[in-house]
Amino acid sequence: MRLGPVFGAAIAMAAVPLATLLVLAASAALSPVAAMAAGAVCALAALLLAAAYTRDVHLLADTLRHAALEHEGGGSLPLALPRFPALQRLALAIGRLVRVRDARTAEVARLSAANEAIVESLPDPLLVLGEDRQPRRANKAAREAFGGAIAAVLRHPDMRAAIDRTFAGVGAQTVDLHVPVPVPREVRATVFLLDPPLPGGTRAILTLSDRTRERALDRMRADFVANASHELRTPLTGLIGFIDTLRGPAADDKAAQSRFLAIMAEQAARMNRLIDDLLLLSRIELDEHQPPLGRVDLASLCARVVAGFEPQTAKRRMALLLAVAQGAAEVTGDADQLAQVVQNLIDNALKYGREGGTVRVELAPASPLQGPVRPGIRLVVADDGPGIARQHLPRLTERFYRVDAGRSRAVGGTGLGLAIVKHIVSRHRGQLGISSEEGRGTTCSVWLPIEPP
Ligand SMILES: Nc1ncnc2c1ncn2[C@@H]1O[C@H](COP(=O)(O)OP(=O)(O)OP(=O)(O)O)[C@@H](O)[C@H]1O
Ligand SMILES: [Mg+2]
738 MRLGPVFGAA
748 IAMAAVPLAT
758 LLVLAASAAL
768 SPVAAMAAGA
778 VCALAALLLA
788 AAYTRDVHLL
798 ADTLRHAALE
808 HEGGGSLPLA
818 LPRFPALQRL
828 ALAIGRLVRV
838 RDARTAEVAR
848 LSAANEAIVE
858 SLPDPLLVLG
868 EDRQPRRANK
878 AAREAFGGAI
888 AAVLRHPDMR
898 AAIDRTFAGV
908 GAQTVDLHVP
918 VPVPREVRAT
928 VFLLDPPLPG
938 GTRAILTLSD
948 RTRERALDRM
958 RADFVANASH
968 ELRTPLTGLI
978 GFIDTLRGPA
988 ADDKAAQSRF
998 LAIMAEQAAR
1008 MNRLIDDLLL
1018 LSRIELDEHQ
1028 PPLGRVDLAS
1038 LCARVVAGFE
1048 PQTAKRRMAL
1058 LLAVAQGAAE
1068 VTGDADQLAQ
1078 VVQNLIDNAL
1088 KYGREGGTVR
1098 VELAPASPLQ
1108 GPVRPGIRLV
1118 VADDGPGIAR
1128 QHLPRLTERF
1138 YRVDAGRSRA
1148 VGGTGLGLAI
1158 VKHIVSRHRG
1168 QLGISSEEGR
1178 GTTCSVWLPI
1188 EPP
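Quick note: the sequence shown uses my numbering, first residue 738, plus one each step.
#1: Of all the alpha helix (DSSP H) runs that stay within the bounds of the stretch 920 to 1002, which reach a length of 4 or more residues?
#2: Three or more beta-carbon pairs under 8 Å between the stretch 1048 to 1057 and the stretch 1139 to 1146, yes or no?
#3: Mind listing, in chain order, the residues whose beta carbon lies closer than 7 Å to a non-hydrogen atom of ligand 2?
#4: Looking at the unbroken beta strand (DSSP E) that takes in Val778, where does it start and where does it end?
#5: Buried or exposed for Gln1027, going by 16 or more other Cβ atoms inside 10 Å?
#6: Roughly how many angstroms separate the alpha carbons of Leu1250 and Val916, rounded to a whole number?
#7: Quick check on Ala1051: buried or exposed, where buried means 16 or more other Cβ atoms within 10 Å of its Cβ?
#8: Can we say the stretch 1116 to 1130 touches the stretch 981 to 999, given the rule of at least three CB pairs closer than 8 Å?
#9: State the Cα-Cα distance for the pair Glu857 and Arg948, rounded to the nearest angstrom.
#10: When DSSP labels each residue in this structure, what does Ile1125 get in the three-state scheme?
#11: Quick one: complete beta strand (DSSP E) runs, 3+ long, within the stretch 1000 to 1068?
#12: Quick one: Cα of Arg1041 to Cα of Asp1084, how far?
#13: Run the CB neighbour count on Asn876, radius 10 Å, all protein chains shown included, and call it buried at 16 or more, exposed below.
#14: Could you say if the stretch 1098 to 1113 and the stretch 1152 to 1163 meet the contact criterion of at least three C-beta pairs nearer than 8 Å?
#15: From the DSSP output, in three-state form, read off Asp861 for me.
#16: Shorter than 7 Å, the distance from the beta carbon of Thr971 to the closest heavy atom of ligand 1, or not?
#17: Whose C-beta lies closer than 8 Å to the C-beta of Glu844 among residues of the same chain, with five residues either side of it excluded?
#18: Run the proximity test for Asp1121: is its beta-carbon closer than 7 Å to any non-hydrogen atom belonging to ligand 1?
#19: Please return the same chain residues whose Cβ sits closer than 7 Å to the Cβ of Arg1111, not counting the five positions on each side in sequence.
#20: Give me the residue from Arg1010, Gln1168, Leu816 and Met957 with the minimum Cα distance to Leu801.
#21: With DSSP collapsed to three states, give me the class of Asp869.
#22: Work out the CA separation of Leu767 and Leu758 for me, nearest whole Å.
#23: Val1078 and Val1148 look like a contact to me (Cβ under 8 Å); what is the Cβ gap, rounded to whole Å?
#24: Where do the ends of the alpha helix (DSSP H) carrying Ile1083 lie?
#25: Would you mind stating whether His1160 and Glu968 have Cβ atoms separated by less than 8 Å?
#26: Do you know how far the Cα of Arg874 is from the Cα of Leu1164?
#27: Can you grab the Cα-Cα spacing for the pair Asp793 / Phe821, in whole Å?
#28: Return the chain-ordered list of same chain residues with a C-beta closer than 7 Å to the C-beta of Arg940, the five sequence neighbours on each side being excluded.
#29: Could you check which residue in Ala1002, Phe961 and Arg870 has the C-alpha nearest to that of Gly938?
#30: Does the separation of the CB atoms of Val1096 and Leu1087 fall below 8 Å?
#31: Any idea if Leu891 is buried or exposed, counting beta-carbon neighbours within 10 angstroms, 16 or more meaning buried?
#32: Count the other CB atoms within 10 Å of the CB of Leu863; is the residue buried (16 or more) or exposed (fewer)?
#33: Going by beta-carbon coordinates alone, are Gly926 and Thr911 separated by less than 8 Å?
#34: How about Ile1114 and Val1162: do their beta carbons lie closer than 8 Å?
#35: Measuring straight from C-alpha to C-alpha, what distance separates Ala828 and Leu814?
#36: Is Gly1152 close to ligand 1? I mean its beta-carbon at under 7 Å from any heavy atom of the ligand.
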């Protein structure tokens, strides 16, 4: 303990009694000896009192210094208790205050860790922007979706304009952006200010949701409606034309009437087929997420379907051969849907194959076309026709996609056959592969698992 403050305090305490003794001695009310003795006692008492008081005050100061430290220390405060009761109460109060503060600090740390975890695990990308409009933080989804391209997103002119408007106080802004990197994407960005700003320079939040799939689905839906209407309109227009002709110029022409009626019947049948195929497709799509549970003997199913094609085979003088390898047993599936698959593939091979050519239908136990080895059966339908140019192969299973639309329509095709095959195979958790060599022929392979998925 430094002595200066002790003496200072002692002088302050003893000043009044000493001055009183001095006045009493001077006015001869007290003998000089008694005054000196009383003065000495007074000075000693003040010195002792000041020493004890100064020690207590220093203790309090140390306690406060500890309390001011950020780390938790409330449990050990006060360090030691002052002797003066009033100072004792003060020290205890400081201890309580620090314990409350430490509990709050721990609570805030827990809340901020929870916030951090929530932001980090949000499925949509989220960026935290600072006062300078630069990203301070990006959550996991943002890092995964954009990686190093976050700066490019923020530099997009529409994005910059939206951020500027938000910082100008106009309120939250939402913009749709086309982001070309790292892969082309349609992104909806929403930016809003945090008011007041958070500590650490957080001024605004920017969320980015990927709308690419949604947009593609919208486009597909619109395309589908346009395509379906177009496919129906063509035969319908023909029918209306023939009805007009039958009512007018050909009203009395018996020969023309029967010729036109035959064409009209064919057009009506085509519309019927198209509607059947569309309904079939939507039914398959409806339960595509539910794998079938029945057992189907593929060998006898193929034999039945092949037998049904005899008239078409004969008409184009083609050979339709079925080869079933040993062990090509049952699969888990829906018999009607699998018959549809075999039917559509053989129908294509006979329609687009070479006149007088050969179509081979083969069944054999096999592993999947891609992915890990699993027991299954491969169905192959191969023709030796003109084949399909490589650029068309990836699009063959799209609805209404035809390599040669004129030829397909001429042979009664709706362009939905392979789309139906694809959806049925996908419902069976199987795999479809189409390979073709121009001038050599086309091979369609379907792999189906033997055991239910
Ligand atoms: N074996 C094949 N050889 C050559 N081209 C084929 C073969 N199979 C399919 N294609 C081509 O793929 C297109 C799409 O076939 P898909 O079966 O989906 O429709 P489609 O045969 O035209 O009509 P649908 O099957 O509905 O009657 C066909 O229009 C045809 O151009
Ligand atoms: Mg077809």
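From the three backbone atoms N, C-alpha and C, an ideal C-beta is built for every residue, glycine too.
According to the structure shown:
#1: Listed in chain order, the alpha helix (DSSP H) runs fully inside the stretch 920 to 1002 are 949 to 984, counting runs of at least 4 residues.
#2: The stretch 1048 to 1057 is not in contact with the stretch 1139 to 1146.
#3: Asn1081, Asp1084, Asn1085, Lys1088, Gly1150, Gly1154 and Leu1155
#4: Unbroken run through Val778 is the alpha helix (DSSP H), Pro769 to Ala805; no beta strand (DSSP E).
#5: exposed
#6: In the structure displayed, the chain extends from 738 to 1190; residue 1250 sits before or after that span and is not available.
#7: exposed
#8: Flag = no, the stretch 1116 to 1130 and the stretch 981 to 999 do not touch.
#9: 20 Å
#10: coil
#11: 1032 to 1034 and 1056 to 1061
#12: Roughly 14 Å between the two C-alpha positions.
#13: Taking all protein chains shown into account, Asn876 has 16 or more neighbouring C-beta atoms within 10 Å of its C-beta and is therefore buried.
#14: no
#15: coil
#16: no
#17: If we look at Glu844 and ignore the five residues flanking it on each side, it has no Cβ neighbours.
#18: no
#19: Ser1104, Pro1105 and Pro1186
#20: Leu816
#21: coil
#22: Going by the C-alpha atoms only, they are around 8 Å apart.
#23: Separation of the CB atoms of Val1078 and Val1148 is rounded to 19 Å, and the pair is thereby denied contact status at 8 Å.
#24: Annotation: the continuous alpha helix (DSSP H) that includes Ile1083 extends over Ala1072 to Tyr1089.
#25: no
#26: For the sequence presented, residue 1164 should be read as Arg rather than Leu. The straight-line gap from Cα to Cα measures roughly 42 Å.
#27: 7 Å
#28: Leu866, Gly867, Glu868, Leu930, Leu931 and Pro934
#29: Arg870
#30: yes
#31: buried
#32: Label assigned to Leu863: buried.
#33: According to the sequence as given, residue 926 is Ala; it is not Gly. Yes. Within cutoff.
#34: no
#35: 8 Å
#36: Answer for Gly1152: yes, Cβ within range of ligand 1.
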